[in-house]
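Protein chains: 2
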Amino acid sequence: MHRVKVRVVEDALDANNTIASANRADFDREGVTVLNLMSAPGAGKTTLLERALPGLSVRPGVLEGDVAGSLDADRLADKHIPVTQLNTDQGFGGECHLDANMVRSALPSLPLSEIDLLIIENVGNLVCPAEFRVGEDARVMVSSVTEGEDKPLKYPLMFRACELVIVNKIDLLEHLDFDMEKFDYHLDGVHPGVPRMLVSARTGEGIDEVRDWLVALTTRAGAPA
Amino acid sequence: MHRVKVRVVEDALDANNTIASANRADFDREGVTVLNLMSAPGAGKTTLLERALPGLSVRPGVLEGDVAGSLDADRLADKHIPVTQLNTDQGFGGECHLDANMVRSALPSLPLSEIDLLIIENVGNLVCPAEFRVGEDARVMVSSVTEGEDKPLKYPLMFRACELVIVNKIDLLEHLDFDMEKFDYHLDGVHPGVPRMLVSARTGEGIDEVRDWLVALTTRAGAPA
Numbered sequence: 001m002h003r004v005k006v007r008v009v010e011d012a013l014d015a016n017n018t019i020a021s022a023n024r025a026d027f028d029r030e031g032v033t034v035l036n037l038m039s040a041p042g043a044g045k046t047t048l049l050e051r052a053l054p055g056l057s058v059r060p061g062v063l064e065g066d067v068a069g070s071l072d073a074d075r076l077a078d079k080h081i082p083v084t085q086l087n088t089d090q091g092f093g094g095e096c097h098l099d100a101n102m103v104r105s106a107l108p109s110l111p112l113s114e115i116d117l118l119i120i121e122n123v124g125n126l127v128c129p130a131e132f133r134v135g136e137d138a139r140v141m142v143s144s145v146t147e148g149e150d151k152p153l154k155y156p157l158m159f160r161a162c163e164l165v166i167v168n169k170i171d172l173l174e175h176l177d178f179d180m181e182k183f184d185y186h187l188d189g190v191h192p193g194v195p196r197m198l199v200s201a202r203t204g205e206g207i208d209e210v211r212d213w214l215v216a217l218t219t220r221a222g223a224p225a
Numbered sequence: 226m227h228r229v230k231v232r233v234v235e236d237a238l239d240a241n242n243t244i245a246s247a248n249r250a251d252f253d254r255e256g257v258t259v260l261n262l263m264s265a266p267g268a269g270k271t272t273l274l275e276r277a278l279p280g281l282s283v284r285p286g287v288l289e290g291d292v293a294g295s296l297d298a299d300r301l302a303d304k305h306i307p308v309t310q311l312n313t314d315q316g317f318g319g320e321c322h323l324d325a326n327m328v329r330s331a332l333p334s335l336p337l338s339e340i341d342l343l344i345i346e347n348v349g350n351l352v353c354p355a356e357f358r359v360g361e362d363a364r365v366m367v368s369s370v371t372e373g374e375d376k377p378l379k380y381p382l383m384f385r386a387c388e389l390v391i392v393n394k395i396d397l398l399e400h401l402d403f404d405m406e407k408f409d410y411h412l413d414g415v416h417p418g419v420p421r422m423l424v425s426a427r428t429g430e431g432i433d434e435v436r437d438w439l440v441a442l443t444t445r446a447g448a449p450a
């Protein structure tokens, strides 16, 4: 039983990687840099994008992944950011992550020729999104200090599978027992030296650094070979 | 492709329900009431248990579900609560939920004859845990106010699949933009009238109500027919 399950999962991941490569080719053809943005529910991904994207020196677009609803997409559309909603609740209680095929199904509704940087906001979940590549250039995760400093130890794959960790809601630090040194220690334990940025998407603290990082990623990835 | 996937998922859920019934029969034979405790990562499930379980008038035990590590189990063992760790990281990046078979595999290591109330602390995730029954009497979810008031709309199945919603971290309310009326409105939209309790596991506020609820559940479920 367990071996059959392993086979099913491995086959699914193989199929996913094949479709992710096709997405990647499409993004390359359009010169679009793609970022897969992941976090637990309520860590502040959308608020971060509301803060970081308006007025960016490259043209951003967002693909919003949610189990249900279009709340986040509506928030970003209010900021005049091109956004496409992708819901995962077709059929069951809802997929807990985006996969390459779901992203592929959304490509026709994305104005790829009008954007330089596509941010794919994944479903809020610290497990499965880390297992499915979608054709992205980079993966960024947002970890809220309200979640506690033990999260890298409890969800190691997620913290390992990203090129940048954005530590959000630092405006609340003085009201929490969160120990930043311990968090850094745990994070280095699972992903030594991964870059991290301390941010409050609510107050704007640290957002300039995120904006610079996004522009650098886009310029670097989009540069002719 | 999608139809095959639907079939695989339906078969998996059927198999899960069969095993959940077997778990249920074992729990009944031992007279153990079982609660499936769910939340997003870092919502405070373990802190809640640390506060609510010591000195309870029924004998509690905990089955700790985590992708990796035994941090939470260690915390509860420190409080002299019987606890068994169940890790889901065998093979892949880790399962994002507990299923009936995982719980079944842990039954031999649980001292069922010595406990009245078994609390199964699920993996932190607002999607898949709601889809897999494990043989429980009741499902409770913890929603932290730091996650925002929109969560019932974004993860409707989870908020629908529980008999009680514990709204945690209310000690932080004065530092947040969280709108409790909006949260209640959204929650009633997906699960009209579901009982809710306002709690701070950190300060202890509201914990007595949770303790009373746990005892009542145990007494009611364990009462001879």
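Quick mapping for you: the protein sequence lines, in order, are chains S and R.
Start counting the first sequence at 1; every next residue gets the next number (my numbering).
Start counting the second sequence at 226; every next residue gets the next number (my numbering).
Glycine residues also receive a C-beta, built at the ideal position from the N, C-alpha and C atoms.
(message) Taking beta-carbon pairs under 7 Å, can you tell me which members of the region 154 to 166 of chain S lie near chain R?
(response) The region 154 to 166 of chain S vs chain R, Cβ under 7 Å: K154, Y155, P156, L157.
(request) Check S:A138 in the structure and name its three-state DSSP category. (result) Look at S:A138 here: in three-state DSSP terms it is strand.
(request) Flag S:T84 as yes if its beta-carbon sits less than 8 Å from any beta-carbon of chain R, otherwise no. (result) So, not an interface residue.
(message) Please tell me whether R:R276 and R:A441 are closer than 8 Å, where the distance is taken between their beta carbons.
(response) Judged by their CB atoms, R:R276 and R:A441 are not nearer to each other than the 8 Å cut-off.
(message) So the candidates are S:K154, S:S39, S:I19, S:E147; which of them puts its Cα closest to the Cα of S:P261?
(response) This structure gives no information on residue 261 of chain S, because the portion of chain S shown stretches from 1 to 225.
(request) Can you check DSSP and say which residues form a bridge with R:T258? (result) Looking at the DSSP assignment, R:T258 forms a beta bridge with R:L342.
(request) With R:V287 as the anchor, note down where its beta strand (DSSP E) starts and where it stops. (result) R:V287 -> beta strand (DSSP E) spans 285 to 291.
(message) So the candidates are R:P279, R:G256, R:A237, R:A240; which of them puts its Cα closest to the Cα of R:D362?
(response) With respect to the C-alpha of R:D362, the residue from R:P279, R:G256, R:A237, R:A240 having the closest C-alpha is R:G256.
(message) Just verifying my parser: in three-state terms, what is the DSSP assignment at R:T443?
(response) In the structure shown, R:T443 sits in a helix (DSSP, three-state: H, G or I).
(message) Does the contact criterion of 3 or more C-beta pairs under 8 Å hold for the region 230 to 248 of chain R versus the region 324 to 343 of chain R?
(response) With the cut-off at 8 Å, the region 230 to 248 of chain R and the region 324 to 343 of chain R touch.
(request) Within the same chain, show all residues whose beta-carbon is closer than 7 Å to that of S:Y155, passing over the 5 residues directly before and after it, in chain order. (result) Only L126, V127 meet the Cβ criterion.
(request) Could you tell me whether any Cβ in chain R is nearer than 8 Å to the Cβ of S:D66? (result) The Cβ of S:D66 sits closer than 8 Å to at least one Cβ of chain R.
(request) Return the chain-ordered list of same chain residues with a C-beta closer than 6 Å to the C-beta of S:F132, the five sequence neighbours on each side being excluded. (result) Apart from sequence neighbours up to five positions away, the residues of its chain that approach S:F132 with a beta-carbon distance below 6 Å are N16, H97, D99, ordered along the chain.
(request) Starting from R:T309, follow the beta strand (DSSP E) in both directions and report where the run begins and ends. (result) Element bounds for R:T309: 308 to 312.
(request) With DSSP as the reference, label S:N168 as helix, strand or coil. (result) Reduced to three states, the DSSP call for S:N168 is strand.
(request) Let me know if R:V233 comes out buried or exposed under the rule of 16 or more other beta-carbons within 10 Å of its beta-carbon. (result) Looking at its Cβ environment, which holds fewer than 16 other Cβ atoms inside 10 Å, R:V233 is exposed.
(message) Within the continuous alpha helix (DSSP H) that includes R:R300, where are the two ends?
(response) For R:R300, the enclosing alpha helix (DSSP H) begins and ends at 296 to 303.
(request) Report yes if the C-beta distance between R:P307 and R:E339 is below 8 Å; otherwise report no. (result) Contact annotation: R:P307 and R:E339 have beta-carbon atoms nearer than 8 Å.
(message) Since S:V199 and S:V165 should fall inside the 8 Å C-beta cutoff, what is the C-beta to C-beta distance between them, to a whole number of angstroms?
(response) Wrong, their Cβ atoms sit about 10 Å apart, outside the cutoff.
(request) Check whether the region 370 to 377 of chain R touches the region 393 to 410 of chain R, taking contact to mean three or more Cβ pairs, one atom from each stretch, closer than 8 Å. (result) Taking a contact to require three or more Cβ pairs closer than 8 Å, the region 370 to 377 of chain R and the region 393 to 410 of chain R qualify as touching.
(message) Cβ closer than 8 Å: which chain R residues qualify as neighbours of S:N125?
(response) What S:N125 touches in chain R: C321, N350, L351, V352.
(message) Taking 8 Å as the threshold (beta carbon to beta carbon), is S:P111 in contact with chain R?
(response) Residue-level contact by beta carbon fails for S:P111 and chain R, as no gap is shorter than 8 Å.
(message) Quick check on the burial criterion: 16 or more other C-beta atoms within 10 angstroms. Buried or exposed for S:A25?
(response) Classification of S:A25: exposed, given that the 10 Å Cβ count is below 16.
(message) I want to see whether chain S comes within less than 8 Å of R:T371, judged by CB atoms only; does it?
(response) With 8 Å as the cut-off, R:T371 counts as an interface residue toward chain S.
(message) Classify S:G42: buried if its beta carbon has 16 or more other beta carbons within 10 angstroms, exposed otherwise.
(response) Buried, since its Cβ has 16 or more Cβ neighbours within 10 Å.
(request) Measure the C-alpha to C-alpha separation of R:V359 and R:F252 and round it to an integer number of angstroms. (result) So the two alpha carbons sit approximately 11 Å from each other.
(message) What would DSSP say about S:L187, mapped onto helix, strand or coil?
(response) The three-state secondary structure of S:L187, taken from DSSP, is helix.
(request) Determine the burial state of S:M1: buried for a count of at least 16 other Cβ atoms within 10 Å of its Cβ, exposed for fewer. (result) Any reading at S:M1 must be qualified, since the residue scores a pLDDT of 42, below 50, and its modelled position is unreliable; no value is offered.
(message) Give me the chain R residues within the contact set of S:V8, using Cβ-Cβ distance strictly less than 8 Å, ordered along the chain.
(response) Within 8 Å Cβ-Cβ: V233.
(message) Would R:D375 pass as an interface residue toward chain S - the criterion being a Cβ-Cβ separation below 8 Å?
(response) Look at R:D375: its C-beta is under 8 Å from a C-beta on chain S.
(message) Between R:P420 and chain S, is the shortest Cβ-Cβ distance under 8 Å, so that the two count as touching?
(response) Output row for R:P420: interface = no.
(request) Using the DSSP secondary-structure output, state which residues sit across from R:M422 in a beta bridge. (result) Note: R:M422 sits in a beta bridge opposite R:I391.
(request) Can you grab the Cα-Cα spacing for the pair S:I119 / R:T443, in whole Å? (result) Here the alpha carbon of S:I119 sits roughly 47 Å from the alpha carbon of R:T443.
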